[in-house]
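Chemist: Submitted below is the structure of interest, expressed as structure tokens.
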Amino acid sequence: ADGTVFDSVGGVDDLKAGRVRFVGDATTRIREDYLRILRLFRFHAWYGKGEMDGEALRAAAAEKAGLAKLSGERVQKELLKLLEAEDPAPVLRIMAASGILSEILPGALNIPRLEHLARIDAEALTFVADPLLRLAALLPDDASVADATVKRLRLSNAQADRLRAIVDAKDAKIVSYMSVKEMNRRLYRLGTPLFCDLLFLRWANDPKESNGVNWRALLEQARTWPRPLFPLNGRHVMLAGIPEGPLVGEILKEVEDWWVDADFIDDEFSIAERLKAIVNGRRPD
């Protein structure tokens, strides 16, 4: 091969212009495989410049009902690839306006939050776009919507668990000005991965750009936080005189709550005394 390109459909010119369109009749191509509707938008998000091709967009909007025929796995794969684009928000707005987005995702979507998250990603030069987190940013914080999305996109168990955990923790207080002590409490309760997911989403919801410095500092602290190990278990409670049963777990949790509030105190005597006091107050008659 000598490197000569034979271009019978003007693809080279389209490539140079950043123009994404179908080869031949757009409606015919779409009816051959309705996934091409989503690929149209993904390719434009990744490679397109300027406005979308009018014929392609009109055909995609007219044939959008065909998306219901696609398997959840195929839709998921294409959507997550789209969400990996540097800034998927402009294309998603077009999809929403044409009624295509509502064919694959339920609920009132939060495109501004996703757009801000994409800007945060762009400013972190070493950051790789996280499509599932971007999906969480796009969706409303609603358990029923999360469940419907899991079902429609046939998400894996790990993906579903992550998405639901984000929604379940929607009321967790994570703010740019939180103290180290409060951050440590949240990290312990939520775990570092979920805490960081929530931090990014709270940051993406923050209209004050100047808070970015604080958010970045919190993120770095969270990523390097050494999780302390709670030194007690059920055996310690039973050795203190509580018989095996539900009360053991209740007392253990009460001691752990005190230990967390005491900033993970590393003092065996104080912990033992606290356990003793709680046991004396909870011991069955």
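Residue numbers (the numbering used here): 1 to 285.
Ideal Cβ positions, reconstructed from N, Cα and C, are used throughout, including at glycine.
#1: Quick check on this structure: which residue in PRO246, ASP257 and LEU218 has the alpha carbon closest to the alpha carbon of PHE230?
#2: Just list the alpha helix (DSSP H) runs in the region 161-194, keeping only unbroken ones of 4 residues or longer that don't cross its boundaries, in chain order.
#3: Under a three-way DSSP split, which group does THR149 fall into?
#4: Classify PRO140 as helix, strand or coil using the three-state DSSP reduction.
#5: For ALA68 and GLU103, which I take to be in contact (beta-carbon distance under 8 Å), what is that distance rounded to the nearest angstrom?
#6: Taking only the alpha-carbon atoms, compute the straight-line gap between VAL180 and LEU138 and give it to the nearest angstrom.
#7: Between the Cα of ALA62 and those of LEU155, TYR34 and ASP206, spot the shortest distance and give me the residue it belongs to.
#8: Using the rule of at least 16 other Cβ atoms within 10 Å of the residue's Cβ for burial, across every protein chain shown, is GLN221 buried or exposed?
#9: How close, in whole Å, do the beta carbons of ALA89 and GLU115 come, if the pair is a contact with beta carbons under 8 Å?
#10: Can LEU201 and ALA136 be called in contact, C-beta distance under 9 Å?
#11: Check whether the Cβ atoms of LEU133 and ALA172 lie closer than 9 Å to each other.
#12: State the DSSP-derived secondary structure class of THR224, mapped to helix, strand or coil.
#13: Residues in its own chain within less than 7 Å of ALA85 by CB, not counting five upstream and five downstream?
#14: Going by C-alpha distance, which of LEU239, TRP225 and ASP168 is nearest ALA143?
#15: Is the distance from the Cβ of ALA65 to the Cβ of LEU40 below 9 Å?
#16: Is PRO231 helix, strand or coil by DSSP?
#17: Below 6 Å CB to CB, which residues in the same chain sit around PHE264 once its five sequence neighbours on both sides are set aside?
#18: Alpha carbon to alpha carbon, what distance is there between LEU105 and ILE242?
#19: Which of helix, strand or coil does DSSP assign to ARG31?
#20: Can you find the residues in the same chain that come closer than 7 Å, C-beta to C-beta, to HIS236, ignoring five residues on each side of it along the sequence?
#21: Which class does SER156 belong to by DSSP, given the choice of helix, strand or coil?
#22: Taking ARG164 as the reference, which of ASP141, SER176, ILE174 and LEU153 has the closest Cα?
#23: When you compare only the Cα positions, how much space is there between ARG223 and GLU78?
#24: From what residue to what residue does the alpha helix (DSSP H) around ASP261 run?
Modeler: According to the data block:
#1: ASP257
#2: 180-190
#3: helix
#4: coil
#5: 7 Å
#6: 29 Å
#7: TYR34
#8: exposed
#9: 4 Å
#10: yes
#11: no
#12: coil
#13: ALA45 and TRP46
#14: ASP168
#15: no
#16: coil
#17: PRO228
#18: 51 Å
#19: helix
#20: LEU275
#21: coil
#22: ASP141
#23: 30 Å
#24: 246-261
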